[in-house]
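Have a look at the structure below before the remarks.
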Amino acid sequence: MEEDDENIINASDKGLWNAMSLSFIKEKLTDNITHLDLSSNHISVESAQIIAGFLSKKDSHLQGLALVNSHLSTRASKIIFEAVGSSKLYEFYADNNILVQEACEVFGKALKNGPPLEVLSLCGCQIPSEGGIAIAESLPSLKNLMHLRLESNSFFDFGAQAIAKVLKDTKIQSLNIADNEIWLEGTNELLEAVANSKFMKSLDISYNILDLDNLAKCVLANTNITELAISGAKIPILQLSSFLEKMVNSNLQILIMDGFDPNQLPVAWARIQDTIFKQPEYFDLLQNLILNSKTLVDVRVGYLELDQIATMQETFAHLKREISVSVHDFGRTGNCWVFNYPEFTVLSPTKLFKWGEPILNPNSAFQIGNIFSSAKVDGEMLNSIDVSGCQMTDECMNQMLSVLRRLDLDILDISNNNFGDEVIEQLISMAGSCKVRDFHCEKNKITDIGLELFLAFFAKELPENCPKELSFTVISEDKSPYSVHPVFQTLAEIVKQGCDIESLCIDGQITSFDVKTVVDEFPVNPVIHELSVETEMMKDYSSPDPPIDETITRGFIDLYTSLHKLICETEGSVLRDFKFPLLTEIFLYCDATGVKLWREINAKLEENFNKYKESLNNNK
């Protein structure tokens with residue numbers, strides 16, 4: 013049913029406190045309401061009484077009730093639970109409320125009245141083992157119950173055994189009992205019951221202790237089971253190969269395996285970072301499972317390497333059925349990407365391709381372009397790449413850049429890697445065939461010579477292709493504090509060409525004379541809004557020694573003058589973010605003129621920033 017149906021109330025995004033919730037319920041609740049979602053609102057005892065009274069009315073049409081994260085007290089939960097037992101509800105969600113044993117026992121007793129519930133969800137409620145037993149004992153009374161969700165509680169073995177005992181007397185089709193601290197005794201009994209269930213189709217038993225041999229027997233014995241989730245389970249790792257081989261003959265359509273924990277001790281249930289399929293043996297078995305299964309259409313894992321994704325593309329090129337492989341922690345970013353085979357299409361949650369693991373293999377680097385160009389988000393192509401901190405060498409970076417030609421990008425972040433001047437030719441080639449709006453290349457091994465060559469391309473060949481945001485590190489053998497490095501002369505030439513550089517963030521071997529050389533040209537086209545300078549010279553003046561050189565002081569005073577001209581005297585200047593600690597923290601107080609100019613500069617920076625904030629607010 014559509015959410016805009018007048019018989020549906022969805023207040024899950026309101027965040028109402030007790031009094032406001034009470035007012036809302038009194039105003040909105042009518043006999044015609046079929047679905048009521050009060051999740052994330054505070055439900056007091058008084059509100060609970062009104063809801064309970066409504067549930068108990070003979071002429072109530074309410075079929076669905078959601079009270080997820082509603083801060084239910086024990087008394088409030090008992091009032092509602094008693095009413096649910098005599099209600100006409102088909103769906104009831106009370107996730108993320110603390111349900112103590114007493115409340116669970118009341119609920120279990122009420123459920124024995126046999127309401128027509130088809131969906132019951134009590135995830136993340138800290139239900140203790142005894143409370144779980146009370147709820148389990150009521151399940152045979154729920155003749156219509158198909159979906160039972162009990163994830164993230166504390167059922168332990170006893171609670172799991174209680175469910176196992178009654179499962180044969182239910183029509184439950186999907187059971188989620190993940191993350192309940194169930195050990196082998198409990199999971200083995202539960203698996204035996206699932207194996208003999210006539211109705212079970214979907215089982216999520218993740219984040220418990222599992223015997224994979226018994227799990228395989230269960231899945232193969234019950235051919236109705238088409239969905240299985242075992243992410244984060246503590247398993248005997250030596251059983252994994254056999255399990256993956258046996259699943260080829262199962263009827264599974266969906267298999268979720270986001271990491272495993274090979275250690276039963278310590279008794280902790282921390283979230284697992286999937287590394288298992290990085291191992292060639294298990295990756296080959298995973299491919300074999302997908303290739304030879306007759307039913308699998310949806311496999312979900314935690315992590316795959318770039319070259320493994322490409323290998324799958326080749327392996328599944330002639331697959332007779334369509335299958336999706338979801339990677340929940342793609343590139344160690346926490347984002348889920350979906351890869352569809354045999355036609356290689358990629359679904360991304362964002363327009364940014366980001367990778368957070370080392371990329372040391374040139375073939376892996378090459379695959380970035382393949383994946384990037386195949387990926388879409390909401391039907392649109394991706395537009396940004398971030399491979400910062402991936403330890404990429406010259407060879408790896410050249411491979412990646414070679415497949416990005418003719419692809420215009422909003423962001424290209426290749427900072428904090430291990431490549432040097434050997435990538436300059438490839439960077440120039442790329443710059444000649446596409447536009448990059450924001451280019452981040454700081455803290456690599458490119459020298460000032462290579463950097464000058466790259467920037468000279470924009471100054472002499474294609475100034476219109478120059479990025480609007482630039483960040484780079486200057487590595488130079490010229491350590492003189494009086495120098496003007498050629499890089500900055502070239503950068504000044506780019507600015508003089510009228511390029512719209514809006515943000516410039518630089519660090520390394522930089523002098524005040526370098527910065528002034530560029531700042532002097534910004535009034536030509538004053539669109540720059542951010543200028544950040546971090547210089548290695550800072551450490552030379554962190555103590556009173558050596559005494560400050562008069563020539564250097566003069567250089568900083570001249571820089572103040574240039575900055576004042578840009579910010580305070582140039583019409584249309586929008587600079588609002590300026591950082592140069594060596595200037596503002598050390599050399600500022602060496603000259604009264606500098607102090608006076610800085611006050612005016614700082615005032616104008618603040619004015620520009622406030623104008624920027626105001627424009628953002630006006631555009632909301």
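Residue numbers (our numbering): 13 to 632.
Glycine included, C-beta positions come from ideal geometry on N, C-alpha and C.
Bear in mind the structure is a predicted one, so any value in this text is a computation, not a measurement.
Under the three-state reduction of DSSP output, ALA241 falls in the strand class.
By DSSP's assignment, SER336 forms a beta bridge with ASP310, ASN352.
In this chain, HIS576 is not harboured by any beta strand (DSSP E); it is covered by the alpha helix (DSSP H) spanning 562-576.
Out of THR42, VAL311, ASN373, the CA that lies nearest to the CA of LEU264 is found in VAL311. Within the segment 21-72, the complete alpha helix (DSSP H) segments at least 4 residues long are 30-40, 57-68, listed from N- to C-terminus. In the displayed model, PHE590 falls within a strand according to three-state DSSP.
The secondary-structure analysis by DSSP pairs ASP398 across a beta bridge with LYS366, ASP425.
The C-beta distance from ILE62 to ILE37 rounds to 5 angstroms, short enough to fall under 8 angstroms. Taking C-beta separations shorter than 7 angstroms and ignoring five residues to either side along the sequence, the partners of VAL448 in its chain run LEU421, LEU424, PRO479, following chain order. In chain order, ILE426, SER427, ASN428, ASN429, ASN430, PHE431, GLY432, THR485 place their CB closer than 8 angstroms to the CB of ASN456, counting only its own chain and leaving out the 5 sequence neighbours on each side. In this structure, ALA172 sits away from ALA207, with a CB-CB distance that is not shorter than 8 angstroms.
A check of alpha carbon separations from ASN125 across SER150, SER385, ILE21 identifies SER150 as the nearest.
Boundaries of the beta strand (DSSP E) harbouring ASN188: 186-188, taken from the DSSP string. Measuring C-alpha to C-alpha distances from ILE288 to each of LYS625, ALA78, LEU252 identifies LEU252 as the nearest.
Distances from the CA of ASN382 to each of ILE145, PRO370, GLN411 were compared; the closest alpha carbon is that of GLN411. GLY120 and ILE397 have their C-alpha atoms some 53 angstroms from each other.
Secondary structure of CYS116 (DSSP, three-state): helix. If you compare the alpha carbons of VAL337, PHE365, LYS551 with that of ILE598, the shortest gap goes to LYS551. Of all C-beta pairs linking the segment 536-545 to the segment 508-518, three or more are shorter than 8 angstroms, placing the two stretches in contact.
Sequence-distant Cβ neighbours of LEU187 in its own chain, meaning closer than 6 angstroms and more than five residues away, are LEU160, LEU215. CA-CA distance, SER360 to LEU308, rounds to 22 angstroms. Taking the Cα of PHE590 as reference, the smallest distance to any Cα among ARG566, ASP406, PHE621 is reached at PHE621. With contacts defined as CB atoms closer than 8 angstroms, VAL80 and ASN108 qualify as a contacting pair.
The C-beta distance from ASN261 to ASN226 rounds to 16 angstroms, too long to meet the 8 angstroms contact threshold. CA-to-CA, the gap between ALA615 and PRO493 works out to about 29 angstroms.
The segment 88-143 is shown to contain whole beta strand (DSSP E) runs of 3 or more residues at 103-105, 131-133, in chain order. Each residue's CA atom was taken as its position, placing LEU111 and ASN22 some 24 angstroms apart. Leaving aside the five residues that flank VAL586 on each side, the residues in its chain whose CB is nearer than 6 angstroms to its CB run, in chain order, HIS541, ASN620. Within 10 angstroms of the beta-carbon of LYS306 lie fewer than 16 other beta-carbons, which makes it exposed. Look at VAL531 here: in three-state DSSP terms it is helix. The residue from PHE365, ILE268, ILE371, ASP319 with its alpha-carbon nearest to that of SER338 is ILE268. If you draw a straight line from the Cα of TYR624 to the Cα of LEU543, it is about 16 angstroms long. Sixteen is the threshold: when 16 or more other Cβ atoms of the shown chains lie within 10 Å of the Cβ of SER524, as they do, the residue is buried. LEU503 sits in a helix when the DSSP states are folded into three classes. When only Cα atoms are considered, ILE440 and LEU474 end up about 10 angstroms apart. Going by C-alpha positions, THR405 is about 47 angstroms away from CYS135.
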